[in-house]
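Engineer:
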Amino acid sequence: MASDYVDDFLRDERESFKRKEAAAKKFDSRLDNFRKSAQALRDAARQFEEAFPGMSRTMIADKLAMTGTEKNVAFDAKGELVAAPAGRKPPPAEPERETVAESDPETTGSDVQARPAWASGNY
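Residue numbers (this note's numbering): 18 to 140.
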């Protein structure tokens, strides 16, 4: 029956959504942990450099058997390679709805205002 098909379809969609949601949450969590770890590594590298002022970054990396990527992240003072852990963007706010007077061509004197950009002739 059609209703069985719909029920099966919806169940499959819910299960698919749950898997997607779990994967997205896990990825987000791991990314946040990675960013926190990168910040901690940068802080530790700065302290290490202060404790051993005569030791070059290359020497430090060699002694600690760091890869090039690890060295780059550790000594990235500006934090350009890995974003700061608190660098989350808030969701965009909903734009306020225009009043009827602002979007009504009769009151504004322009019929172009309600058109999409591609239809306004300014392309």
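Glycine included, each C-beta is placed from N, C-alpha and C at the ideal position.
Can F92 and A62 be called in contact, C-beta distance under 8 Å?
Structural biologist: yes
Engineer: Just to confirm, are R52 and A94 a CB contact at a threshold of 8 Å?
Structural biologist: no
Engineer: Look up F34 in the DSSP assignment and say whether it is helix, strand or coil.
Structural biologist: helix
Engineer: Got a sec, what are the start and stop residues for the alpha helix (DSSP H) E97 sits in?
Structural biologist: Counting along the chain, E97 falls outside any alpha helix (DSSP H), and DSSP gives it neither H nor E.
Engineer: Would N89 and L98 qualify as a contact pair, given that the criterion is a beta-carbon distance under 8 Å?
Structural biologist: yes
Engineer: Should A14 go down as buried or exposed, given a rule of 16 or more other Cβ atoms within 10 Å for buried?
Structural biologist: There is no way to answer for residue 14, as the model of the chain reaches only from 18 to 140.
Engineer: Cα separation between G85 and M76?
Structural biologist: 12 Å
Engineer: Expressed to the nearest angstrom, what Euclidean distance is found between the alpha-carbon atoms of E66 and G96?
Structural biologist: 17 Å
Engineer: Suppose you measure from the CA of E87 to the CA of P102; what does that come to, to the nearest Å?
Structural biologist: 17 Å
Engineer: Can you list, in chain order, the stretches of the alpha helix (DSSP H) that have 4 or more residues and sit fully within the stretch 49 to 94?
Structural biologist: 74 to 80 and 85 to 91
Engineer: In its own chain, which residues sit with a C-beta less than 6 Å from the C-beta of R47, not counting the 5 before and 5 after it?
Structural biologist: There are no such residues.
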